[in-house]
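A quick write-up on the structure given underneath.
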Amino acid sequence: IRIDWARQHSRALRWSEETEHIIEEMQRVVATHIYTANEWRARAESTLDLADQEALTGVEPELNPFRPDIVAGLRAHALRQSDVYLTLATDCVTRWL
């Protein structure tokens, strides 16, 4: 009986430790999603600086990377990515924590 108790006790301790590790991992996933969302938001804000720059000299207008439509597309993409990662973080918190 003592051997069975020791085995069960050991199993319970391992299960408890595994549960703690999973909770920590879940928290890291949420933190990573939030960090990535903030990185994309910063990229979106940096596109505003691109819009303020003058056109490149000696470059054909259709190849100018600072054209307003290209800058708007870059900004839209970055904002969309930020939203995706915030949605992932929110979903993880709702489901896990």
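In our numbering, the protein residues as written are 71 to 167. Think of the CB as a built atom: it goes at the ideal place given N, C-alpha and C, for glycine as much as any other residue.
Residues TYR155 of the same chain have their beta carbon placed closer than 6 Å to that of THR106, with the five preceding and five following residues left out of the count.
Here HIS79 is exposed: its Cβ has fewer than 16 other Cβ atoms, across all protein chains shown, within 10 Å.
Under the DSSP assignment, LEU149 falls in the alpha helix (DSSP H) whose first and last residues are 138–166.
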